[in-house]
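A.B. asks: Here it is: the structure, laid out below.
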Amino acid sequence: MTVEDYRGVGGYEALRKALLEMKPEQVIEEVKKSGLRGRGGAGFPTGMKWSFIPKNIDKPRYMVVNSDESEPGTCKDRVIIERNPFLLMEGIAISSYAIGSSTGYLYIRGEYYDQAMILRKAIEDTYAAGYFGQNILGSGYNLDVYLHRGAGAYICGEETGLLESLEGKKGWPRLKPPFPATHGLYGCPTCVNNVETLAAVVPIIQKGGDWYASLGTPKNGGTRLFCVSGHVKKPGTYELPMGTPLRSIIYDCAGGIKDDRKLKAVIPGGSSVPILTADEIDVKMDFDSVAAIGSLLGSGGVVVMNEDTCMVKALLRISKFYAHESCGQCTPCREGTTWLKKTLQRVHDGNARREDLDHLLGIAFNMMGTTICALSDAAAMPVRSYIQKFRQEFEYHVKHRCCDVESAVGA
Amino acid sequence: MPTVVINQKSMIVPDGTTIIQAAEQAHIEIPRYCYHPGLSIAGSCRMCLVEIEKMPKLQPACNTRVTDGMVVTTNSDKVKEAVSGVLEFLLINHPLDCPVCDQAGECFLQDYYMKFGLYDSRMNENKIKRHKAEVIGPHVILDTERCVLCSRCVRFVREVSHSNEIGIFNRGGQSEIRLLPGQILNNNYSGNVVDICPVGALTDRDFRFQCRVWYLSTANSVCNGCSRGCNITVEANRQRPHHGEGRRVMRLKPRFNKDVNQWWICDEGRYSYKFIDDSSRFVQPLVRESEGFEATSWTEATAHASRKISEARQSAGPDSIIVITSPQLTNEDLFLTRKFFRAELGITQIDFRVPELKSSEGDNFLLRADRNPNTRGAEAIILEAGGFSLSDILKSAGPQRLRLLYICEQDLVGKLGAELAKKFLSQFEYVVYQGSNENRTSLLADLVLPAATYAEVDGTFTNFEGRVQRMNAAIEPMGESLPAWQIVCKLAKAGGMGYSYEAVEEVFVDLTQTVTEFEGLSYEKIGDQGARLSEVAPVQA
Chain A
26 MTVEDYRGVG GYEALRKALL EMKPEQVIEE VKKSGLRGRG GAGFPTGMKW
76 SFIPKNIDKP RYMVVNSDES EPGTCKDRVI IERNPFLLME GIAISSYAIG
126 SSTGYLYIRG EYYDQAMILR KAIEDTYAAG YFGQNILGSG YNLDVYLHRG
176 AGAYICGEET GLLESLEGKK GWPRLKPPFP ATHGLYGCPT CVNNVETLAA
226 VVPIIQKGGD WYASLGTPKN GGTRLFCVSG HVKKPGTYEL PMGTPLRSII
276 YDCAGGIKDD RKLKAVIPGG SSVPILTADE IDVKMDFDSV AAIGSLLGSG
326 GVVVMNEDTC MVKALLRISK FYAHESCGQC TPCREGTTWL KKTLQRVHDG
376 NARREDLDHL LGIAFNMMGT TICALSDAAA MPVRSYIQKF RQEFEYHVKH
426 RCCDVESAVG A
Chain B
8 MPTVVINQKS MIVPDGTTII QAAEQAHIEI PRYCYHPGLS IAGSCRMCLV
58 EIEKMPKLQP ACNTRVTDGM VVTTNSDKVK EAVSGVLEFL LINHPLDCPV
108 CDQAGECFLQ DYYMKFGLYD SRMNENKIKR HKAEVIGPHV ILDTERCVLC
158 SRCVRFVREV SHSNEIGIFN RGGQSEIRLL PGQILNNNYS GNVVDICPVG
208 ALTDRDFRFQ CRVWYLSTAN SVCNGCSRGC NITVEANRQR PHHGEGRRVM
258 RLKPRFNKDV NQWWICDEGR YSYKFIDDSS RFVQPLVRES EGFEATSWTE
308 ATAHASRKIS EARQSAGPDS IIVITSPQLT NEDLFLTRKF FRAELGITQI
358 DFRVPELKSS EGDNFLLRAD RNPNTRGAEA IILEAGGFSL SDILKSAGPQ
408 RLRLLYICEQ DLVGKLGAEL AKKFLSQFEY VVYQGSNENR TSLLADLVLP
458 AATYAEVDGT FTNFEGRVQR MNAAIEPMGE SLPAWQIVCK LAKAGGMGYS
508 YEAVEEVFVD LTQTVTEFEG LSYEKIGDQG ARLSEVAPVQ A
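Protein chains in written order, with the working numbering: chain A, 26 to 436; chain B, 8 to 548.
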């Protein structure tokens, strides 16, 4: 896609409207009205986040775009970048204008090399077309945008870990308070937003916050990109209204379970969230509905598992990931993630003792809510939910020193 | 000024106080590893989690500021469970090698396990193997298996010594303290990382395997290494004399003083104690005979010295005697030296300033170029009457009517150079050396009076800012050596002028009544944090 292509479908009209017809506060107001909630995973109301940026302050304000998309099962930002990077560019410009920032940093995970090249080109083209740079559209508003590639660490997707990394330091999440809104990049007021969030700002300004809100459910405005992977017939990234039932995502969009096997479990929002059983898929996929049944909408990474999946192996895989990605700063996470991994490996290998399952739950419990960032919780939540919901499988591994699921399918 | 309630105890604290500080004021112990009042807040060990009313999650007490009406609980089941959980995490990969660890007895893993742990182990995994017993600098050894990654040492080299030799490498369970490439931990403040390490990860090469810490006695004292006067504790092994090759003083540790050294001391000061138990110590008075020095008794020695002094005085007058005293001596020592030699004997040629061939350098933190602990005190006491300058005598060419030289704790040969020192000494018929250790000057003396070191005496030093600070004896004077003020008393007694001082504090009282700048001070007022010399009131016109 080129700038011309994008303009051909109404691109940059929202930016024109924001810069020439709206005050920054009006942009924020419109986003508040839209019910847009952060698409990175936490679901914090975007308009409210923007309003925390101090107005009258003698320091630069920064807009930082989080495209460190690292949560396993998540590939939505990539789709935006690959298919329409100018939507993101326009979103960055509108959002930066709203918070009074004239400098934006686009932080992309190191593994997204091709995507980084796309973004570099898109930034250049956007400058060339006059939507970045000095006096954009004659409005007097200036904006410079820089691209920064990470070095490949999950923790740099945590907003303060990202800021540390952007400053050239080790990506250790910062102790809060103070929060980035007041003390962010280089100690200045900073807003960190996910790619999908900023892309959503464009239609909000174009068609109005009320219109956007009406697409979703109460307090969960708009649409969401759901990345469906695993044992489905048509894996892919689907844009659907907030509140679409999970059953509909799996069976209507993704075509149902591959080889028409039975559904066993679904991760609804990226590898870190509590797992759902096949009985729980009638949940509406919005932040509040998923939270109500004890899981999280998270990053929108829907991972579908059929009846042949060994839950012990699935959990072990996830636990290895978090043990590998823990930054090592806080005690419970540094020690807990590795401990979980080792014990799960023994359970998986058939070398566990009966008390190990309770130990796993105890370790996970001690990791919850006791650290600087949410990685510890992210590692602990799956452990608790997999063992609670599929305890008999774990017990089979302990007792019979082998897997009942895999031996049944001859894996 | 917010009011906070901690464990039902209500208190008013200054704005900006954190919960951990407020709890300290209320004598409520909140366990911590990464928090250190002299360093930035890391908030990463998670030991100081506390429960705050209306907050769903536990919060770190180190990084949470008290707000008005805040209600904090540090002893609820929820907090106990979290703290014990954090401790369990810290110990799962710890080697539990306390029997061979120097930190045992002052280890916060041991202490907190007894206070906040006491759980049954549920660790069934193999422990992570890491780097052990690595020498990382001239004074420090690192055992990464014992490390709790509190990052105190890393923050110290960043924020205090500004030398940045170490960092935390790798991530997750592989995290380790390592030297930065091409670096060694050799800054002049490196020993402090051992003090602030809450566990046995960083140990002191000098103290390593010398003595169990529970055998150590401690005495509050003041470093004699330079004119800063850093507050220290002198830690001595008096219970197990067969450990550590007979060393009595095992280590010096910094003692907090907000106005002087905060929590720190320099390595030069920290390792400067070796002379105290050195074989070069004088343990008996020595008198020169034809075959060299012979040991003698105090009675003989002081009678001898007294006779020589009075002979010189009577035959050639008091100006035939020069006394070189020392800024290494305490205020009390200097005061009695002045009182005896000047007031009683009328000797006016007293100085403590010996020009040095090679001057020392200070740094821009604690270490001062003046390596004497009591120059300011000596100036106040010895120079008050003014007049005499040793430099002038050294410069003046011709021999004067000189008979007797009395040197206290000064190595003239070392400071002036052998040529000038020997030329100077050769002008005297009789040289008395009063000091603690043998040196090239004492070897030239006719009489040696053994003096105690600063670790063996009670007394005060005055630092460069005019802060008078107390030292308490950590050990007995070695052999028959005596505190300098007691030597003066013995000399006075031999000369028929009995001084009735029984304790050094009486000397100090006399000093405050005689020397203007010390007016109004007392041991009580000085306490363990020191007190400034009085500002001399401006003369009323």
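Positions of the beta carbon are idealized from the N, C-alpha and C atoms, including for glycine.
When the Cα atoms are used, what is the spatial distance from B/Thr24 to B/His34?
C.D. replies: Taking the straight line joining both Cα atoms gives about 15 Å.
A.B. asks: Per DSSP, what kind of secondary structure is B/Phe300 in: helix, strand or coil?
C.D. replies: Here B/Phe300 sits in strand by DSSP.
A.B. asks: Bridge partners for A/Val28 per DSSP, in chain order?
C.D. replies: BP columns for A/Val28 are empty, so no partner.
A.B. asks: If you drop the 5 nearest sequence neighbours on each side, which residues of the same chain put their C-beta closer than 6 Å to that of B/His169?
C.D. replies: There are no such residues.
A.B. asks: Please list, in chain order, the residues of the region 191-205 of chain A that have any C-beta partner in chain B closer than 7 Å.
C.D. replies: From the region 191-205 of chain A, only Leu200 have a Cβ closer than 7 Å to chain B.
A.B. asks: If you run the structure through DSSP and keep just helix, strand and coil, what is A/Thr334?
C.D. replies: Looking at A/Thr334 - three-state DSSP - the assignment turns out to be coil, as it is neither helix nor strand.
A.B. asks: Under a Cβ-count criterion, where at least 16 other Cβ atoms within 10 Å of its own Cβ denotes burial, should A/Ala141 be classed as buried or exposed?
C.D. replies: Classification of A/Ala141: buried, given that the 10 Å Cβ count is 16 or more.
A.B. asks: Could you tell me whether the Cβ of B/Gln547 comes closer than 8 Å to any Cβ of chain A?
C.D. replies: Here the model assigns B/Gln547 a pLDDT of 47, short of 50, so the residue's position is not dependable and the matter cannot be decided.
A.B. asks: I want to verify the contact list: residues of chain B whose CB lies under 9 Å from the CB of A/Pro357, in sequence order.
C.D. replies: Correct list: Arg53, Ala89, Gly92, Val93, Phe96.
A.B. asks: What number of angstroms, rounded off, separates the C-alpha of B/Gly486 from the C-alpha of B/Leu94?
C.D. replies: B/Gly486 and B/Leu94: Cα-Cα distance of roughly 48 Å.
A.B. asks: Between which two residues does the alpha helix (DSSP H) harbouring B/Gly92 extend?
C.D. replies: Taken as a continuous stretch (DSSP letters only), the alpha helix (DSSP H) holding B/Gly92 covers 84-99.
A.B. asks: At 7 Å on the CB atoms, spell out the chain A contacts of B/Ser7, in chain order.
C.D. replies: Within the shown structure, residues of chain B are numbered from 8 to 548, placing residue 7 of chain B beyond reach of any answer.
A.B. asks: Please name the residue or residues paired with B/Glu526 in a DSSP beta bridge.
C.D. replies: For B/Glu526, which the question treats as bridged, DSSP gives no partner whatsoever.
A.B. asks: What are the start and end residues of the beta strand (DSSP E) that includes B/Gly466?
C.D. replies: Looking at the DSSP string, the run of the beta strand (DSSP E) that includes B/Gly466 is 466-469.
A.B. asks: May I ask which residues mark the beginning and end of the beta strand (DSSP E) holding A/Cys216?
C.D. replies: Where A/Cys216 is concerned, the enclosing beta strand (DSSP E) stretches over 215-219.
A.B. asks: Just to confirm, are A/Val257 and A/Gly294 a CB contact at a threshold of 8 Å?
C.D. replies: Not a contact, by the Cβ cut-off of 8 Å.
A.B. asks: Below 8 Å on C-beta distance, what does A/Lys367 contact in chain B?
C.D. replies: By Cβ distance, chain B contributes Glu132, Asn133.
A.B. asks: Looking at chain A, which residues of the region 53-79 of chain B have a Cβ within less than 7 Å of any of its Cβ atoms?
C.D. replies: Going along the region 53-79 of chain B in chain order, one finds Arg53, Leu56, Lys64, Leu65, Asn70 with a Cβ nearer than 7 Å to chain A.
A.B. asks: Spell out the partners DSSP gives A/Phe204 in its beta bridges.
C.D. replies: The partner list for A/Phe204 (beta bridge, DSSP) is empty, contrary to what the question assumes.
A.B. asks: When you check each C-beta in the region 355-369 of chain B against every C-beta of chain A, which residues fall closer than 7 Å?
C.D. replies: Against chain A - using a Cβ distance shorter than 7 Å - the region 355-369 of chain B contributes no residues.
A.B. asks: Any contact of the region 502-517 of chain B with the region 267-274 of chain B, i.e. 3+ C-beta pairs under 8 Å?
C.D. replies: The answer is no - the region 267-274 of chain B does not touch the region 502-517 of chain B, with fewer than three Cβ pairs under 8 Å.
A.B. asks: Roughly how many whole angstroms lie between the Cα atoms of B/Pro292 and B/Ala499?
C.D. replies: Each residue's alpha carbon lies about 17 Å from the other.
A.B. asks: Going by alpha carbons, who is nearest to B/Leu432 out of B/Ser443, B/Gly442, B/Asp418?
C.D. replies: Looking at the Cα atoms, B/Asp418 is the closest of the given residues.
A.B. asks: Using 8 Å as the threshold, is the C-beta distance between B/Ala7 and A/Thr356 below it?
C.D. replies: Because residue 7 of chain B is not part of the residues shown, which for chain B are 8 to 548, the question remains open.
A.B. asks: Within 10 angstroms of the Cβ of B/His146, are there 16 or more other Cβ atoms? Answer buried if so, exposed if not.
C.D. replies: So B/His146 ends up on the buried side.
A.B. asks: Report the residue from B/Met478, B/Gly505, B/Leu489, B/Thr523 whose alpha carbon sits nearest the alpha carbon of B/Asn238.
C.D. replies: Nearest of B/Met478, B/Gly505, B/Leu489, B/Thr523 to B/Asn238, Cα basis: B/Met478.
A.B. asks: May I have the straight-line CA-CA distance separating A/Arg371 from A/Phe415, to the nearest angstrom?
C.D. replies: Each residue's Cα considered, the two are about 17 Å apart.
A.B. asks: Please report the distance separating the alpha-carbon of B/Asn227 from that of B/Asn264.
C.D. replies: Between B/Asn227 and B/Asn264, the C-alpha separation is close to 12 Å.
A.B. asks: Output the distance between the C-alpha atoms of B/Asp535 and A/Ser297, rounded to the nearest integer angstrom.
C.D. replies: For B/Asp535 and A/Ser297, the distance between alpha carbons rounds to 55 Å.
A.B. asks: Does the region 123-133 of chain A come close enough to the region 72-82 of chain A that 3 or more CB-CB pairs lie under 8 Å?
C.D. replies: They touch, by the three-pair rule.
A.B. asks: Exposed or buried, which one is B/Trp221 when buried takes at least 16 other CB atoms within 10 Å?
C.D. replies: It counts as exposed.
A.B. asks: Roughly how many whole angstroms lie between the Cα atoms of A/Asp381 and A/Val89?
C.D. replies: Their Cα atoms are separated by approximately 43 Å.
A.B. asks: Considering A/Val56, what are the terminal residues of the beta strand (DSSP E) in which it resides?
C.D. replies: Careful: A/Val56 lies outside any beta strand (DSSP E), inside the alpha helix (DSSP H) at 49-59.
A.B. asks: Quick one, which of A/Gly116, A/Glu149, A/Pro85 has its alpha-carbon nearest A/Gly212's?
C.D. replies: Of the listed residues, the one whose Cα sits closest to A/Gly212 is A/Pro85.
A.B. asks: Could you check what DSSP says for B/Leu103 in three-state terms: helix, strand or coil?
C.D. replies: Looking at B/Leu103 - three-state DSSP - the assignment turns out to be coil, as it is neither helix nor strand.
A.B. asks: List the DSSP bridge partners of B/Val439.
C.D. replies: The partner list for B/Val439 (beta bridge, DSSP) reads B/Tyr413, B/Leu454.
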